[in-house]
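Novice:
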Amino acid sequence: MIARPEDRGFRVVDAYSRIVRLGEGVGSNRMLSDAAMDRAIDALAQCHRKLADRGVARSRLIATEACRAAENGAAFIERVQAETGLALEVVDRETEARLAVAGCASLVDHEADGVILFDIGGGSSEIVWLDLRNRCGARGYALTRFIRSWISLPVGVVNLAERHGGVHVTPDIFEAMIEDAAEHLAAFNLASNLTEAIASGRVHMLGTSGTVTTLAGVHLGLKRYDRRRVDGTWLENGDVSRMIDQLRDMPYEARVDNPCIGADRADLVLAGCAILEAIRRRWSCSRLRVADRGLREGILTELMAADGVWSHRKNGARQDRGRQRNRT
1 MIARPEDRGF RVVDAYSRIV RLGEGVGSNR MLSDAAMDRA IDALAQCHRK LADRGVARSR
61 LIATEACRAA ENGAAFIERV QAETGLALEV VDRETEARLA VAGCASLVDH EADGVILFDI
121 GGGSSEIVWL DLRNRCGARG YALTRFIRSW ISLPVGVVNL AERHGGVHVT PDIFEAMIED
181 AAEHLAAFNL ASNLTEAIAS GRVHMLGTSG TVTTLAGVHL GLKRYDRRRV DGTWLENGDV
241 SRMIDQLRDM PYEARVDNPC IGADRADLVL AGCAILEAIR RRWSCSRLRV ADRGLREGIL
301 TELMAADGVW SHRKNGARQD RGRQRNRT
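Going by full-length UniProt numbering, the sequence shown opens with residue 1, and the numbers climb by one from there.
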């Protein structure tokens, strides 16, 4: 994702994504497979061409759970640099959680006292508790200061589907997936008074992943996926339950044919739904907001904030207003 800063954020000028399943098999043998690395490097070579064509000089390139967990993760990073010229940085789980918040913060309800943000990935899932009861009007990137606690579960859609199967998923298999994710979740506690905050009704969930964008697309009945309609969509608790049930009861072939799922995600989407259901059973909020944004937007936001692009613009605007007052 390549973007230019604007007064209230940034404008994306180019973006590219491809599902490569880099972590395929890592859960069972702790190694990145040759086929998965080849797929990833092919996609990264395309990224390198786009960066070069756009003349990008300031960037951050990250790798996450697959490279953290695989014994040959470091060797893969070296191979990427040798074959594509891209220097990937393996970030820790805390950084990944913070970037998710930075990328999605603009979708936080301005009236909310708190947010449970989750990012269901391929090999891990990050969950963040934003305690906003004393935010004093803070919005956007400033909300990263209100991360009360976070957890990272070593379970994602790829490794969960590999353990239980993702093609023909019976209700029993789906429940086993939920229990698997819940076992990982049981060891963690986001905050002692989170339950009390949720009971107030002023805490909502904010989800960033293919799982929640798929649920939103199906809920909206889209004939083809449309990011503009999905990003920022609010789902009531009952809506989420109905969509999960609908996907669970959908045969694999129907998932492949669904324009919001497709062949790339048909065998992974139910694993994502199971992780989401485990989170919902642990912390039940009445509303969920869907984010078709995440780590990439978080990286861009942090880079621009570090460069001071928005403060420079504000200072420039103040100086312009001052000059105008002096002239009048």
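Glycine is no exception: its CB is placed at the ideal position from the N, C-alpha and C atoms. Because the structure is a prediction, the values reported are computed rather than measured.
By the 10 Å Cβ neighbour count, where 16 or more other Cβ atoms means buried, how is W129 classified, buried or exposed?
Specialist: Classification for W129: buried.
Novice: Could you name each continuous beta strand (DSSP E) segment of 3 residues or more that falls completely within the stretch 108-138, going from the start of the chain to the end?
Specialist: Listed in chain order, the complete beta strand (DSSP E) runs (minimum 3 residues) inside the stretch 108-138 are 114-120 and 125-131.
Novice: Kindly confirm or deny that the stretch 58-72 and the stretch 85-104 touch, where touching means at least three C-beta pairs closer than 8 Å.
Specialist: Verdict: yes, contact present.
Novice: For C260, which of R227, D239 and G73 has the nearest alpha-carbon?
Specialist: Taking only the C-alpha atoms, the option nearest C260 is R227.
Novice: When DSSP labels each residue in this structure, what does P5 get in the three-state scheme?
Specialist: P5 falls in the strand class under three-state DSSP.
Novice: Starting from the C-beta of L222, find all residues in its chain whose C-beta is less than 7 Å away, skip the five residues before and the five after it, and write them out in chain order.
Specialist: Correct list, in chain order: R229, P259 and C260.
Novice: Contact check, V115 vs I147 under 8 Å by CB: the rounded distance?
Specialist: No, V115 and I147 are not in contact; Cβ-Cβ is about 10 Å, not under 8 Å.
Novice: Anyone know if the C-beta pair for A278 and I178 falls short of 8 Å?
Specialist: Yes, these two residues count as a Cβ contact at 8 Å.
Novice: When the Cα atoms are used, what is the spatial distance from A52 to Y141?
Specialist: Cα to Cα, A52 sits roughly 28 Å from Y141.
Novice: Tell me which residues share the same chain as A266 and place their Cβ nearer than 7 Å to its Cβ, disregarding the 5 neighbours each side in the sequence.
Specialist: Contacts found: Y252, R255 and V256.
Novice: Compute the Euclidean distance between the alpha carbons of E236 and L247, then round it to the nearest angstrom.
Specialist: Taking the straight line joining both Cα atoms gives about 17 Å.
Novice: With which residues is M205 paired in a DSSP beta bridge?
Specialist: Paired residue(s): I116 and L288.
Novice: Do you know how far the Cα of L194 is from the Cα of A187?
Specialist: Looking at the two C-alpha atoms, the distance is approximately 16 Å.
Novice: With a 10 Å radius around its C-beta and 16 neighbouring C-beta atoms as the bar for buried, classify K191 as buried or exposed.
Specialist: Contrary to the premise, residue 191 reads as Ala rather than Lys in this sequence. Exposed, since its Cβ has fewer than 16 Cβ neighbours within 10 Å.
Novice: Quick check on this structure: which residue in E78, A75 and L86 has the alpha carbon closest to the alpha carbon of Q46?
Specialist: Per the Cα distances, L86.
Novice: Distance, Cα to Cα, I2 vs F10?
Specialist: If I take the Cα positions, the gap works out to 10 Å.
Novice: Using a Cβ-Cβ cutoff of less than 6 Å, which residues in the same chain neighbour V218 once the five nearest sequence positions on both sides are dropped?
Specialist: M243 and C260, listed in sequence order.
Novice: By DSSP, does V309 sit in helix, in strand, or in coil?
Specialist: Note: V309 maps to helix in three-state DSSP.
Novice: Could you tell me the distance, in whole angstroms, from the CA atom of R282 to the CA atom of A182?
Specialist: Going from the Cα of R282 to the Cα of A182 covers about 8 Å.
Novice: Out of D180, G25, T170 and A43, state which residue places its alpha-carbon closest to the alpha-carbon of Y16.
Specialist: Y16 has its Cα closest to that of A43, out of D180, G25, T170 and A43.
Novice: Per the DSSP calculation, F10 is bridged to which residue(s)?
Specialist: BP columns for F10 point to P5.
Novice: Could you check the C-alpha separation between S124 and P154 for me, to the nearest Å?
Specialist: The alpha-carbon atoms of S124 and P154 are separated by roughly 5 Å.
Novice: Roughly how many angstroms separate the alpha carbons of N72 and L32, rounded to a whole number?
Specialist: About 6 Å.
Novice: Taking 8 Å as the cut-off, decide whether the C-beta atoms of A70 and R39 are in contact.
Specialist: No; because the gap between Cβ atoms is not below 8 Å, this pair is not in contact.
Novice: Between R280 and L117, what straight-line distance do the alpha-carbon atoms span, to the nearest angstrom?
Specialist: Each residue's Cα considered, the two are about 12 Å apart.
Novice: CB-CB under 8 Å to G308, same chain, minus the five flanking residues each way: which ones, in chain order?
Specialist: Once the five neighbours on either side are set aside, G308 has no close Cβ partner at all.
Novice: Within this structure, are the beta carbons of L143 and L295 separated by less than 8 Å?
Specialist: Taking 8 Å as the Cβ cut-off, L143 and L295 do not qualify as a contacting pair.
Novice: Roughly how many whole angstroms lie between the Cα atoms of T211 and G272?
Specialist: Those two C-alpha atoms are separated by around 5 Å.
Novice: Please name the residue, chosen from G232, H168, T84 and D180, that lies closest to N159 on a Cα-to-Cα basis.
Specialist: Among G232, H168, T84 and D180, the Cα nearest to that of N159 is on D180.
Novice: Just to confirm before moving on: does the CB-CB distance between R133 and D113 stay below 8 Å?
Specialist: Yes. Within cutoff.
Novice: Going by DSSP, what residues sit across from L235 in a beta bridge?
Specialist: DSSP lists L288 as partners of L235.
Novice: Just reading off the alpha helix (DSSP H) that S28 is part of, what are its end residues?
Specialist: Element bounds for S28: V26 to N29.
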